[in-house]
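Chemist:
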Amino acid sequence: MTQNAAQISLTFDTVDGQRAAAIDTLVIAGWTGRDAHALEAHIAELEKLGIARPKSTPIFYRCAAALLTTGPLIEVIGTDSSGEAEPVLLSLSDGLWLGVGSDHTDRKVEAVGVTISKQLCAKPVGATLWRFDEVSAHWDDLILRSFATEGGKRRLYQEGPLRAMRHPTDLMNRYCGTDKKLPPGSAMLCGTLAVHGEIAPADSYDLEIEDPILKRKITHRYAVKTLPIEG
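Spelled out as structure tokens, the structure:
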């Protein structure tokens, strides 16, 4: 734990039963795709929209740990934000755990500054965790999926195997240093997949990580309440 860092306490369901975890560090890993050519093409597309090129790929954004929530509702300002499913790696006192979350982001502000946009919205996380050691060897087979519901219509928003993204061990090595792991009390969102269609706001999102090898699934659903912009 970082000295004098603010903590947030979250309660998770694990194989060992329900437990509380104190998180003081939140890292959001961006541009974690393995295909360098696809990454470059996407960066070029975003540059045309006014979103600056990242200084590195992958890149690691630090955000306030207090943004994490396992609640069923988040509140956002205006109608320009949207969610995206991501694997979430948590380092607790007894090792590494895997969950699912959403890097909910204000897309309008993202064009002004990505780091700022990451800080403006809560980051929903599902309450169920798996031990990372149980899935690390077959990480590439895990499936990340999300559904977006808008106006009562639910549609598949994202879906694909995690082999498209860097392995969390690679991300930890790049962020913490070779052969090092996240310090206890840390959470890392590990990147996301392209959406089906266009990035768009929604009334709610359903997030999933499916393990076809061990025949199980982590899910989380959260709704989005929009607050008015008054000036």
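Take 0 as the starting number for the sequence shown in numbering that gives the first Met the number 0 and just add one per residue. All C-beta atoms in this analysis are idealised placements derived from N, C-alpha and C, irrespective of residue type, glycine included.
#1: How big is the Cα-Cα spacing for ASP93 and GLN17?
#2: Buried or exposed: which applies to SER8, given that a residue is buried once 16 or more other Cβ atoms fall within 10 Å of its Cβ?
#3: For the alpha helix (DSSP H) containing CYS175, list its first residue and its last residue.
#4: Considering LYS216, what are the terminal residues of the beta strand (DSSP E) in which it resides?
#5: Could you check whether the segment 81 to 89 touches the segment 133 to 146, counting it as contact only if at least three pairs of C-beta atoms, one from each stretch, sit closer than 8 Å?
#6: Taking the straight line between their C-alpha atoms, what separation do you get for VAL14 and TRP129?
#7: Take every Cβ of the segment 163 to 172, pair it with every Cβ of the segment 185 to 194, and state whether three or more of those distances are shorter than 8 Å.
#8: Alpha carbon to alpha carbon, how far is ARG33 from LEU95? Give it in angstroms, no decimals.
#9: Taking DSSP as the reference, what is the three-state secondary structure of VAL194?
#10: So is PRO182 buried or exposed if we call it buried at 16+ other beta carbons inside 10 Å?
#11: Grab me the residues of LEU155's own chain with a C-beta within less than 7 Å of its C-beta, minus the 5 sequence neighbours each way, in chain order.
#12: As a quick exercise: from ILE42, GLY230, TYR221, pick the residue whose alpha carbon is nearest that of ALA121.
#13: In whole angstroms, what separates the C-alpha of LYS107 from that of VAL124?
#14: So if DSSP puts ILE115 in a beta bridge, which residue, or which two residues, is it bridged to?
#15: Distance check for ILE217 and VAL87, CA to CA, integer angstroms please.
#16: Under 7 Å, do LYS180 and LEU72 count as touching if we go by C-beta distance?
#17: What residue does the beta strand (DSSP E) around VAL124 start on, and which one ends it?
Modeler: This is what the structure holds:
#1: Taking the first residue of the sequence shown as 1, we reach residue 93 at position 94. Taking the first residue of the sequence shown as 1, we reach residue 17 at position 18. The straight-line gap from Cα to Cα measures roughly 14 Å.
#2: Within the sequence shown, numbered from 1, the residue matching residue 8 stands at position 9. Its Cβ having fewer than 16 others within 10 Å, SER8 is exposed.
#3: The residue given as residue 175 occupies position 176 in the sequence shown. The continuous alpha helix (DSSP H) containing CYS175 extends over residues 167 to 175.
#4: Counted from its first residue, the sequence shown places residue 216 at position 217. Its beta strand (DSSP E) spans residues 215 to 226.
#5: Verdict: yes, contact present.
#6: Taking the sequence shown and counting its residues from 1, one reaches residue 14 at position 15. Taking the sequence shown and counting its residues from 1, one reaches residue 129 at position 130. About 7 Å.
#7: Yes: the two stretches touch, three or more of their Cβ pairs being nearer than 8 Å.
#8: Numbered from 1 along the sequence shown, position 96 holds the residue referred to as residue 95. Numbered from 1 along the sequence shown, position 34 holds the residue referred to as residue 33. Roughly 22 Å between the two C-alpha positions.
#9: If you number the sequence shown from 1, residue 194 lands on position 195. Collapsing the DSSP output to three states places VAL194 in coil.
#10: As a working note, residue 182 is residue 183 in the sequence shown. Classification for PRO182: exposed.
#11: In the sequence shown, the residue the question calls residue 155 occupies position 156. Here the set comprises PHE146, HIS195.
#12: Here the question's residue 121 lines up with position 122 in the sequence shown. Considering only alpha carbons, the answer is TYR221.
#13: As a working note, residue 107 is residue 108 in the sequence shown. As a working note, residue 124 is residue 125 in the sequence shown. If I take the Cα positions, the gap works out to 23 Å.
#14: To locate residue 115, count along the sequence shown from 1; it is residue 116. Under DSSP, ILE115 forms no beta bridge with any residue.
#15: Taking the sequence shown and counting its residues from 1, the one referred to as residue 87 is at position 88. Taking the sequence shown and counting its residues from 1, the one referred to as residue 217 is at position 218. Approximately 11 Å, taken between the alpha carbons.
#16: Along the sequence shown, read from residue 1 onward, the residue named residue 180 stands at position 181. Along the sequence shown, read from residue 1 onward, the residue named residue 72 stands at position 73. No. Outside cutoff.
#17: Residue mapping note: residue 124 aligns to position 125 of the sequence shown, counting from 1. In the DSSP annotation of this structure, VAL124 is not part of any beta strand (DSSP E), being labelled neither H nor E.
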